[in-house]
Every structure is written in C-alpha cells, then in structure tokens.
Amino acid sequence: MQANARHQKHALATFVGLLPLIIFLALLLYVGLNAPNFLTFMNLKLVLAQSLPVVLAVIGLSAVVMAGGDDVVSGGIDLSIPATAVLCAGIVAVITTAGLSLVLAAGAALVACMLVGGINALLVTLLRMTPLLTTLAMFVAVVGINNVITSRRRLDLTSDAIASLRQDFAFGLPLGIIIVGILVLISYHLLHRTKWGLNLQAAGGSRDAAEISGIRVNTLVAQSYLLAAFMGFVTGFFILARGNGYSPGTEDNLMLEMVLANFLGAAFSPRRVVTMWGAVLGAVLVAAISIGLKTIGVNVFWTDLIKGALIVTVVALSAISERVR
Amino acid sequence: MTEAAFRLRDIVQVFPGVRALDGANLTVHPGEVHGLVGENGAGKSTIIKVLAGVYQPAEGHIDVGGTAISPATPEKIHAAGVRFIHQELHLVPHFTVTESVFMGQELAGPMGLATTRMRRAAEAFMRDQLGSALPGNRLIRDLSPAERKLVQVARALIDGEARVVVFDEPTAPLASEEVLKIMKAIEQLKSRGIAILYVSHYLNEITELCDRVTVFRKGKDVAVFDEITADTGTELVSAMIGRELDAFFPATSRQAGEVALRLQGFSDGQTFEDVTLDIRRGEIFGIAGLIGSGREELVDALYGLRRRASGTLTLDGTVLDTQSAANAVANGMVLVPRDRRHDGLVLPMTVEENATLATLDESSSLGLIDRKRIREVTQKLIGDLDIRPANARAVTRYLSGGNQQKVVLARWLAKSAKIFIFDEPTVGVDVGAKSEIYQLIENLASEGAIILMSSSDPIELVGTCDRVAVMMRGEVRTIIEKDALNVDHLVAMTTGATDMPEVAHAG
Amino acid sequence: MEHVSAKGNFNLRGIVVRFGFLIVFALFFAFFATWNPVFISGNNLLNIVEGSAILMIIALGMTLIVATGGIDLSVGIALDFGAAFAVVAMKTYDMGWGSAVCAGLIGGSLVGLFNAALVVGLRISPFLATLGTFFIGSSVQRIFTNGGGPISHRRMPDGFRNIAQGDVFGIPSEVILAAVLVVIYYLVLERSVWGRRVHAMGMQRSASIVAGIRVNRILIACFVFASITCAVGGLISAANIRMFTPLSGFSYLLDAIAAVFIGAALHPRGRPNVLGTVAGVLFLGMVTNGLNLMGLNFNTKDALSGIILVSALALAVAQRNMRNADGD
C-alpha cells in the first residue's frame, strides 16, 4: 500500500513536472489556431533564425551551470557570455570595416574572448570569487571595453562570409541554422555523451562526490568558463549576421533571454536539472512565443510581462513538483 | 599463516593539542570481516584516514598485502587495492545508478561513452556481487538509502582490483530491514577473499557479521577478539568504555514528579503512527530506535519542524502549541538538534552570537542590542559551561564538537525553558565534554525541567534516562522502566532481536 | 598570534591582509587628486557624495536582501515604481507632495510584496523570482507609458522638488536623506535584535528556524523594507528631473550589487554590512567622479570604471581569502 502511495505521488510529481512543457505547447497551439500561418515551415525558419544567438549563448551558459551547480548565487553562472559575444561582434566589425581580412578579425576576436574566459576561470577557481559577481563585473568591464573599441557606433556588415550565415541556403535551410544545428549536436555529444561531459555534470551535481571519485573539479570548472567564452565568440558572428552589422546595446537583452532559456530548460528536463538540450529547447520556445505573440497582434509591450510570468510559473511548478516528490 | 591483507603498526598521529593515535595497531586478514569499534574520539576515524593516506602519521608502519607503503599517499593506497566506503553518501542525486557507479572511471568506446556497456556492467555487478537487482537508469534520488549505499559500494569495487574494503558506518542512515541488504552484500564480498574492515557503532551488527574485532580506546587498540559470539557484545562494551562507565554518568538521587507533558495519538501519516507518551516533570525520558524507526521524525514533529497529521500535546492539561519551531520556543520547549553543524549553530557566527540568538530580546532596549550586557551574559555562559576557547568572539565553525554542543546548550540555558529535547546530544563529542553534558542534563532535570532524550546510543540512554521508550517501524513498542534498563536488553529491543520484556515489566 | 608576529616585523602580507582595500582606495584618491586638484576641493567632494546618494540608497536595500542570503534584481523596478506613483499622484490626481511621497513609497512596496510572495509563498529562489519581477515590472512600465516615454511634470510642488533640490545648511537634501537611511540601516541591520536575526537567517536558515526565529516573516519584511528604500531613491530621481523616466532604475543594479559585495569582502567575516556598503558606494562614486574630471571620453571612462570594478572586487575577495587563511 505504501509502495502504491509512493507510486501515485510519483505520477503526480511527473505530471506537475510536465506542466511547464504543456503550458508552452498550449500557448503555441493557441497562437497557431489564431494565426493559421504561424505553424508553417516559413515561420519555423524565422523562429529558429531569431533564436540562434540565444541558442549559442545558452550552450555555454548551461555548461557553466552544469559544472558549478545550479544554485544561482553560489553555484556556476556566466553572465559575461553576452558581453563576450558583443566584444567579438565589435572587434570583427571594426577590423573588417577597416578593410582587413576576416580571418585576422576572427583571430583577434578569438584571442580577446578567450582572455575574458580565462580571467573568469581564474577569478572563480583560484580566488574563489562568487561566479555571479565575477561574471557580472566582467560583463560591465567587457561591454565598456567594447564600447571603446566600437565608439558605440552602428557598423554595417561588410563581410559576405558572415552575411551568408543568414542569406545562403543549403538543403532548403539558411546556412546559419545548419551550422548552429551541427554545433548543438557536437556540444550535446561533448556535454552529455562523453566522459568529460559526465564528469562536468558530476562536479556541479555534488562537488564532494566528484572529488572523492578523483575528478578534478577546479579544472573542469575552469574549462567550462573557457567553453562559455568560446560560445560567446561564435555567438558574435551570428549577432552580426542577424543584425546585418554591429549595433550597440544588444547585450542586455541577450543576457536576460539567455538566463530565461537556461532555467526554463531545467524545468523541461525530466531530471529537473539544467541540461544543454533543455536550455536550447528553452531558447527556441521563448523565441517561438515572442514571435507567435507578435503574429496574433499582442502589443509588444506585453512580451516581457509574459516572459516574466512564464519564468515565475515554470520555476514555481518545478519547485512544487520537487516538493510533491 | 597467510599474509595479512593490511597491517598498521605502532601508529602515532598528533594533532595540535591531541594525540589522536598513540601507538595503535590494526591487522586484517584476507577473507575476514574485521570489526573496529570504539567510542567517538577513540581514534577510529583517524586510523582510517591514516590507512587512506590522508594523514601522514608521525610514527608507525603501514603495509598492504605484505609490501610496506611509505609514505602512504591516497594514490598508492588506491593502487594497492584498498577501497573506502565513506559514511556520507557522496552521490549526485540526479545521476543514474550507472553514471554514479562509473563516476570518474567511465568506460569510453569509439563514439564517446560506452553507455550500454557501462549499464550492463553496473547492473551485472549490482546483481551478482551485491545481490541487488537495480535498473541502471534509475536516478539516485529515487533510491532508498540502502540502495544508495550499495551503489557507493559498487563504485568502489567495479574495477575488480579491490583487495581490502573499509566500510565506515555503512548502516548509520539505514532502517533495520535495509541493514540486511548491506550485510548480505558484505558476506558475498568476503566469500571472494576480500578483506573487510567494518567500522560501526552497532554492536549487534558487529557480533553478527564479524570474524574478529579490534577495540580502540583513547587512540590505542586495547583488545582484539578472535572469537565472536552473540555474547561478545558485553565484553566489547566494557573494553570500549574501560572501567569508567560508572563514573562517566552522573550519580543521581533525583525523584521524578507528576506527569506533566502528554503526547496523545501523534502521527505524521508517513513515518510514525499513534505515539502516546506521558512524561513527568524532573524526569529524563529516553527515546530509542534505529534510523527509520520514526524516532527522528517524531522529534521533528514535536518541535514543529515536521508537519503532524494528528495528535495533541498538552502540558499540565493545557494544549501546548508547537506547530512551528518559533512557537515551540515561545512556549518554553527547546531542541538541541542531532545535526549540530547544520541545524544547531549558525557556523559563521561567533560564540556570542550563537549563544544569545534566542535571548536577544532580554538583552536589548528599544530593539537595539545592549552589547555590554550581552557580552556579560556570554562570558557567564562560557564560564558556566567551560566553553573553550573562552573567547566570546571565536567563530563556532572552528570549535571542537564538544564545545560546539556546549554553545547550543548555552543558548537554551540562557532561555530558561521548561521542556528540553536532546536529539543525539553527544554525537561527535569527545569523552570529557560528553560527561559534562550529561551532568548538565541531570542538573536540568533536578531543577524540575522536562527532558526528552532521543538517541541511537544505548549506553547513553541507559546511563542517563529514567525510562526509555523504544520505537520501531513508526510505533512505540515498549517503555522500559529504570529497573529493567540495561544495555543488552535495550539493544535487543531496539534492533528487534527480542520483543520479550526482560525483567518484570512494570506497566 | 599570527597578528602579533605580523606586527612585530615588517610583513607585507600582513599589511595587505589588513589594509589592502583601504590602500587602494587611498591610492586612487591620491591619483585623482594629483591629476586634477579640483578633485579634492570641498565642492567636488560634496559632488561625489551627492552623485552617490541614489546609488547609496539602492545599495542599502540590496545589502538587506543579500544579508538574508538572497539577491534582488528588481531594485530598479522598485525605484521606477516609486517615481511613477509619486509623479502620477501629483500630475493626474493633483495630490499634495506629502501624499505623493506616500503614494511613491506604497508603489515601491508593491514590488517588495510581489517578491516576497514569490520567494516565501511559492519558494522560488530570490534570483529567479526577482528576475521574473524585473521582466514583469519592466513590461508594466512599458504598457503604462505606452512604450516607455517619460511622464514629465513641470509644475511639481516645491515640497516635492525639495526632496532632491533643497538643502539644509548647504548640504543637499538628497545627501541628508541618504545619510539618514544609512544611520537607520546601520542601527537596524548591525545593532538591532531584528538585524541579528536577519544575518543568522541569511547564513544558516535551518539553524535559525531551530533557534526559534520566524524566518518567513523576516524575509517578507526584508523584501518590503528594501523595496520601500529603493522607492525613496525613485522619489529623489523624480524630484531631480521633474519627471518619471521608465526603466531608469536598471542602471543602478550592477553598481549596487558591486558595492554590497565589495563591502562584504571588507568585513572581517565576509558578511554583507552597512558600513562596507557605504565604503563600496563611495569608492565607486569616487572612481566615476575622478574619471570624469580626467576629461576622458565617455566610452573610455566606462571601460576604465568597469576594469576598476573587476579589479577592486578581485582584490577585496583576495584580501578576505588571505585573512581567512590566517584565521584558521
């Protein structure tokens, strides 16, 4: 009888746990019914194209959270990814606008981005600074430096290679979507299907357990910040492609969307923890909702309210399902 | 005679101010289960850490399988085939059984992780070696404590290189029926010629499972028993405690008063059912029971830390509101919790801040803390309880277990409460402080306080309590009166070895 | 005993451990003063303090929330709501300045109540709860102002304008307000029974519950108290520019967090504390002002203050680590 009761409770917890996804799908269905052309292939492509920078950023963020643990204040978090991304975008835009080669620009941007990741890693592992604080401060500093580099100007895209991420098609899909798709698959493999990825998750899941099993937690945490910086670097190119050039001030929104997607993703995952694929799914769904609401004519001022309500609802449901369990 | 699986000789380990090990010896042979017993602070955990290579002893020799290892490092010890099953369940809650077993030693194939191979290996190991048919994709957080323990064992042994396995209190978090699973698994390991060192407080498990037993006291091996029968238990107890048992507990001529505190029909709908107890003023009332017996949950429910499904609590006939801990404190009931470092103290705070946390209102004016008065109060408490260091501004995190517990006690003494609940009051407390704490509890009872003492230590219950209620599987099975109270009987009742009241059972 | 030996012989490490951050503070001060002597003029020092007043107030609210073991990303929303309610009360409902102040404070407290409902009621972690509040609060402002345009109120009652533009014996009223709040916060958080309980709860919640502290009540009070404090910042800002500018509070968030954590790192036991926060705010204010006086371009100045922020935090934390290592 006790086993039965436990079973029922488990079923209830599973149901409550599935609610976030159900809410999302219901919302999308509602949008689809009210705007019949929403659920079309064209629109799907639009949604995906819109979400690319957030998807890339959130791959890095989820790796950091997995390695550091999902307590937002004391665990792992990297808020500096959006800053790294705009830094890359800024450096590349400035160098290519000056007429120099894209390879040189990319090289310079890569060095700068990895430097940011390295400093993050150093401060967090060696100085034991709180990641939230460290990466927030780094965000401010890097955005500041980037504003010096770009003088806060709008810079139009001059590189065809970057534009091709948006304009060129392969197999009927924009090249950018295909590239990000491949990157998602590679990162999925790396983070969820290799020894390294599993050790990373162990480090964040229980530092003591990982250390007792001979896993070098600090090294993994440091590597996660480097990975995040690298994803920020990649994101930079997609920001340039999406905006057809560099525009100042894209970082704030990216940061909020990235954090939102990451923690929504945790609510989607059956284990109720931050996962890379959950975060990516979160990023795509948030983009879908934003575009969907626009399609059915919801005032754009309401979008943030709906996002805020979503995060609160989903996190609350997630907490409730944990308690039921 | 066969080569010893490992041998520790004349180990001396010194910490600032303490000789934790003072020429200790420990020898374990292949294919035997060797028990290691001793009181808290006798040096059991220290010698395990010496064996693990965590501590480098000042003197002594370590050899494993006939080869001397010097200096012993964790890597060398691991390479020699010595494995440790730590007391804490170091597992990631959201990992699967397979992932946990292979944590840090994952198998890789050409396409990344060999998930299927690992899962089969983990399931086969759990089934064949440990006798537990756990699916490899089950999450750790959905497992029972015993199953988690087995996963921990599997993680240590899956590489097949283990020669010696040290179990440190493997059954502490387990319910009695779950203990059997661990015992069965250990028997299987033994049959494969693996040497096992079994460290436990539960003497019934020791006598049941072990082939030989070493007793530690004050950092030394004081006795080795080569023949173990069910009767060895009492001999072990006297070897552990020495001859100090009588002097250890306070003498008393205290007479309990009228029934004052009454629990009626307490249950939480899950772990304990229909608990009814009458407790007298000036009485030390013990509650015995293994983990999982509902003892801890009862204490939590009594103090408002756990929701109760039904039951009333009355003090002298009027209902006592302890629906929340704050209400309990306001109504004169206080708790010295079992997890001192987590629930007892705010560790980053100082002795003064912790000791006065519940009585701030009495040392303040207009809501502002009177710092001079609070310093005086603290100094007095430090003096009364002999807290060391006698520094009000010492951070409690760095205090010894005994002194930490004294700070918790100091807080409640300052509060002058009427009802004291002590939950495992001397776990991790050194012998000297232990005795002082017992004296304090005795003094409180003499002054007419109502005292509940929940403990997993039968010696402590017998030494201090007037009556002991024994809980098992969520029910109070019996209440043992003072004249029928002895360690053997209490252990037998608690572990379910007997349910016959020994002496004439006074109703 | 460590310290005795550190005192006895010249010990660089000992000096860094004790005075590291103060030394940096002093070096910056000296640097700015040599670069431009105007920096140390009484007028300019007053400028620094005046320019830091709103940040100081926001950072006080943040200190309280960080002391409970949480974080508040919605301090800016509380500031905006404070300004909005007060301006609308005067402009649309023609209220007197006293009632407008009350309206503003009530507006701010709504944000705190909402946070408390999420954190205490729904048990969402403070970071995510206040992030949600931030999203929702931003959106509400956009909806209300139809896209984020400011609501200006030229004919503000003098009483209200004096909140920012008045002075007492030459000291600007916003400085006085901030100073009064510092004193109140110091007494409440560092010297009162209630504040001791807040700290205990923030450091070890379970132990505080066992000690009989009503943690939920305290948490609710903290969120409300902090948001009302931030609303005071909103009143000052509205009085200063005679309008309500939506979403303007966000700009204080990062600096407030930084000031609190610099302050916490300065505390011997690493606790968030009022005096530390004051030091943190003044440090940030000094750097901003000093860089301004250096006549740097806007972007360079921003970048430099960002770099200084990272370095200051790293230094403060390093100092705390070294001190803890000595303490063991």
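Chains as they are written, first to last, in our numbering: chain A, 2 to 326; chain B, 73 to 579; chain C, 1361 to 1688. Note that CB positions come from ideal geometry on N, CA and C, so glycine has one too. Since this is a predicted model, take the numbers as computed values, not measurements.
Quiz item: Which bits of chain B does Met1563 of chain C rub up against, with CB to CB less than 8 Å?
Solution: Numbered from 1 along the third sequence, position 203 holds the residue referred to as residue 1563 of chain C. Met1563 of chain C reaches chain B at Val418, Leu419, Pro420 and Met421, counting residues in chain order whose Cβ is nearer than 8 Å.
Quiz item: Which residues mark the beginning and the end of the beta strand (DSSP E) in which Phe338 of chain B is found?
Solution: Sequence index remark: in the second sequence, residue 338 of chain B carries index 266 (1-based). Per DSSP, Phe338 of chain B belongs to the beta strand (DSSP E) from Val331 to Ser339.
Self-check item: Within chain B, the residues that Gly215 of chain A reaches when beta carbons sit closer than 7 Å
Solution: Residue mapping note: residue 215 of chain A aligns to position 214 of the first sequence, counting from 1. Those within 7 Å of Gly215 of chain A in chain B are Gly176.
Self-check item: Val274 of chain A versus Leu229 of chain B - alpha carbon distance
Solution: On the first sequence, position 273 is the one that residue 274 of chain A refers to. On the second sequence, position 157 is the one that residue 229 of chain B refers to. Taking the straight line joining both Cα atoms gives about 28 Å.
Quiz item: Can you tell which of B:Ile351, B:Met525, B:Val480 and B:Ala152 has its C-alpha closest to the C-alpha of Glu330 of chain B?
Solution: Here residue 330 of chain B is taken as the residue at index 258 of the second sequence, counted from 1. Glu330 of chain B has its Cα closest to that of B:Ile351, out of B:Ile351, B:Met525, B:Val480 and B:Ala152.
Quiz prompt | Straight-line Cα distance separating Val287 of chain A from Ser1434 of chain C | solution = Mapped onto the third sequence, residue 1434 of chain C falls at position 74. Mapped onto the first sequence, residue 287 of chain A falls at position 286. Ser1434 of chain C and Val287 of chain A: Cα-Cα distance of roughly 21 Å.
Practice problem: Can you grab the Cα-Cα spacing for the pair Leu1673 of chain C / Phe238 of chain A, in whole Å? | Solution: As a working note, residue 1673 of chain C is residue 313 in the third sequence. As a working note, residue 238 of chain A is residue 237 in the first sequence. Taken atom to atom, the span from the alpha-carbon of Leu1673 of chain C to that of Phe238 of chain A is near 31 Å.
Quiz item: Cβ of Ala289 of chain A less than 9 Å from any chain C Cβ?
Solution: For the purposes of this step, residue 289 of chain A is taken as residue 288 along the first sequence, with counting starting at 1. Answer no: the Cβ-Cβ gap between Ala289 of chain A and chain C never drops below 9 Å.
Self-check item: Close beta carbons around Arg1514 of chain C, own chain, < 7 Å, minus the five adjacent residues each side
Solution: Here residue 1514 of chain C is taken as the residue at index 154 of the third sequence, counted from 1. Non-local C-beta neighbours of Arg1514 of chain C in its own chain, meaning closer than 7 Å and more than five positions away in sequence, comprise Arg1602, ordered along the chain.
Quiz prompt | Test: Gly1429 of chain C CB closer than 9 Å to a CB of chain B | solution = Locating residue 1429 of chain C in the third sequence gives position 69, counting from the first residue. For Gly1429 of chain C, not one C-beta of chain B is nearer than 9 Å to its own C-beta.
Quiz item: Of the residues that make up the segment 115 to 134 of chain B, which ones have a beta carbon closer than 7 Å to any beta carbon in chain C?
Solution: Listed in chain order, the positions of the segment 115 to 134 of chain B with a beta carbon within less than 7 Å of a beta carbon of chain C would be empty, since no residue qualifies.
Practice problem: Please check if any C-beta of chain B sits within less than 9 Å of the C-beta of Leu1424 of chain C. | Solution: On the third sequence, position 64 is the one that residue 1424 of chain C refers to. Taking Cβ atoms only, chain B never reaches closer than 9 Å to Leu1424 of chain C, which makes this a no.
Quiz prompt | Any 3 or more C-beta pairs closer than 8 Å across the segment 111 to 122 of chain A and the segment 196 to 205 of chain A | solution = Here the segment 111 to 122 of chain A makes no contact with the segment 196 to 205 of chain A; the two share fewer than three CB pairs at distances below 8 Å.
Self-check item: For Ala1443 of chain C, the nearest candidate out of C:Val1409, C:Gly1630 and C:Ala1524 (CA to CA)
Solution: If you number the third sequence from 1, residue 1443 of chain C lands on position 83. Looking only at C:Val1409, C:Gly1630 and C:Ala1524, the smallest Cα-Cα distance to Ala1443 of chain C is reached by C:Ala1524.
Quiz prompt | Whole alpha helix (DSSP H) elements within the segment 425 to 471 of chain B, 4-residue minimum | solution = The segment 425 to 471 of chain B contains these whole alpha helix (DSSP H) runs: 443 to 457.
Quiz item: Closer than 9 Å, CB to CB, is Phe1392 of chain C near chain A or not?
Solution: Here residue 1392 of chain C is taken as the residue at index 32 of the third sequence, counted from 1. False, the Cβ-Cβ gap to chain A never drops below 9 Å.
Self-check item: Helix, strand or coil at Pro165 of chain B according to DSSP, with G and I counted as helix
Solution: The residue labelled residue 165 of chain B in the question sits at position 93 within the second sequence. Three-state DSSP puts Pro165 of chain B in coil, outside helix and strand.
Quiz item: For the segment 257 to 285 of chain A, which residues have a beta carbon sitting closer than 8 Å to at least one beta carbon of chain B?
Solution: Residues Arg272, Arg273 and Val274.
Self-check item: Proximity test, Cβ basis, 9 Å: Gly69 of chain A and chain B
Solution: For the purposes of this step, residue 69 of chain A is taken as the residue at position 68 of the first sequence. It does not: the Cβ of Gly69 of chain A has no partner Cβ on chain B nearer than 9 Å.
Quiz item: Of all the CB atoms in chain C, is at least one closer than 9 Å to the CB of Glu414 of chain B?
Solution: As a first step, residue 414 of chain B is located in the second sequence; it is residue number 342 there, counting from the start. Note that residue 414 of chain B is His in the sequence shown, not Glu. His414 of chain B has a beta carbon lying within less than 9 Å of a beta carbon in chain C.
Exercise. Have a look at C:Gly1572, C:Leu1614 and C:Ala1449 and flag the residue whose alpha-carbon is nearest the alpha-carbon of Lys487 of chain B.
Key: For the purposes of this step, residue 487 of chain B is taken as the residue at position 415 of the second sequence. Measuring from the Cα of Lys487 of chain B, the nearest candidate turns out to be C:Gly1572.
Quiz item: What distance in whole Å lies between the Cβ atoms of Leu524 of chain B and Ile551 of chain B, which are believed to be in contact at a cut-off of 8 Å?
Solution: Taking the second sequence and counting its residues from 1, the one referred to as residue 551 of chain B is at position 479. Taking the second sequence and counting its residues from 1, the one referred to as residue 524 of chain B is at position 452. Contact between Ile551 of chain B and Leu524 of chain B is ruled out by a C-beta separation of about 13 Å, above the 8 Å threshold.
Quiz item: Listing by chain order, which chain C residues have their CB less than 7 Å from the CB of Ala398 of chain B?
Solution: To locate residue 398 of chain B, count along the second sequence from 1; it is residue 326. One finds Gly1572, Ile1573 and Arg1574 in chain C with Cβ atoms closer than 7 Å to the Cβ of Ala398 of chain B, taken in chain order.
Quiz item: Which whole-angstrom value is the C-beta distance of Ser63 of chain A and Phe140 of chain A, which I expect to be below 8 Å?
Solution: For the purposes of this step, residue 63 of chain A is identified with residue 62 of the first sequence, where counting begins at 1. For the purposes of this step, residue 140 of chain A is identified with residue 139 of the first sequence, where counting begins at 1. Actually they are not in contact, since the Cβ atoms of Ser63 of chain A and Phe140 of chain A sit about 18 Å apart, beyond 8 Å.
Practice problem: Using a Cβ-Cβ cut-off of less than 8 Å, give me the residues of the segment 50 to 82 of chain A that come near chain B, in sequence order. | Solution: Those would be none; no residue qualifies.
Quiz item: If you drop the 5 nearest sequence neighbours on each side, which residues of the same chain put their C-beta closer than 8 Å to that of Arg1521 of chain C?
Solution: Translated into positions along the third sequence, residue 1521 of chain C becomes position 161. Non-local beta-carbon contacts of Arg1521 of chain C in its own chain, meaning distances under 8 Å to residues more than five positions away in sequence, involve Ala1599 and Arg1602 in chain order.
Quiz prompt | alpha helix (DSSP H) runs contained entirely in the segment 82 to 144 of chain A, provided each spans 4 or more residues | solution = Entirely contained in the segment 82 to 144 of chain A, the alpha helix (DSSP H) runs reaching 4 residues are, in chain order, 82 to 98 and 103 to 126.
Practice problem: Compare the Cα-Cα distances from Glu160 of chain B to each of B:Val126, B:Tyr270, B:Glu241 and B:Glu195 and report the closest residue. | Solution: As a first step, residue 160 of chain B must be located in the second sequence, where it is residue number 88. Nearest of B:Val126, B:Tyr270, B:Glu241 and B:Glu195 to Glu160 of chain B, Cα basis: B:Glu241.
Quiz item: Relative to the C-alpha of Asn1404 of chain C, which residue among C:Ser1665, C:Ala1438, C:Thr1637 and C:Leu1651 is closest?
Solution: Residue 1404 of chain C sits at position 44 when you count from the first residue of the third sequence. Taking Asn1404 of chain C as reference, the option from C:Ser1665, C:Ala1438, C:Thr1637 and C:Leu1651 with the minimal CA-CA separation is C:Leu1651.
Quiz item: Residue range of the alpha helix (DSSP H) that Ala1443 of chain C falls in?
Solution: The count along the third sequence starts at 1 and reaches residue 1443 of chain C at position 83. Where Ala1443 of chain C is concerned, the enclosing alpha helix (DSSP H) stretches over Val1435 to Lys1451.
Quiz item: According to the neighbour-count rule (16 or more other Cβ atoms, all chains shown, within 10 Å of its Cβ), is Leu1669 of chain C buried or exposed?
Solution: As a first step, residue 1669 of chain C must be located in the third sequence, where it is residue number 309. Answer is buried; the Cβ neighbour count reaches 16.
Quiz item: Can you give the Cα-Cα distance for Ala489 of chain B and Thr279 of chain B, rounded to whole angstroms?
Solution: Taking the first residue of the second sequence as position 1, residue 489 of chain B is located at position 417. Taking the first residue of the second sequence as position 1, residue 279 of chain B is located at position 207. Cα to Cα, the separation comes out at about 42 Å.
Self-check item: Secondary structure of Gly110 of chain B, DSSP reduced to three states
Solution: Translated into the one-based positions of the second sequence, residue 110 of chain B becomes position 38. Of the three classes helix, strand and coil, the one that applies to Gly110 of chain B here is strand, per DSSP.
Quiz item: At a Cβ threshold of 9 Å, is Ala210 of chain A touching chain B?
Solution: Here residue 210 of chain A is taken as the residue at index 209 of the first sequence, counted from 1. Yes, because at least one Cβ of chain B sits closer than 9 Å to the Cβ of Ala210 of chain A.
Quiz item: At a CB-CB cut-off below 9 Å, which residues of chain A make contact with Phe167 of chain B?
Solution: Position 95 of the second sequence, counting from 1, holds the residue named residue 167 of chain B. Ordered by position in chain A, the residues that pass the 9 Å Cβ test against Phe167 of chain B are Leu199, Gln202, Ala203, Gly206, Ser207, Ala210 and Arg272.
Exercise. Go through its chain and collect everything with a Cβ distance to Arg91 of chain B's Cβ below 8 Å, but skip five positions before and after it.
Key: Within the second sequence, residue 91 of chain B is the residue found at index 19, counting from 1. Counting only Cβ-Cβ distances below 8 Å, and skipping sequence neighbours, we find Val84, Gln85 and Gly291.
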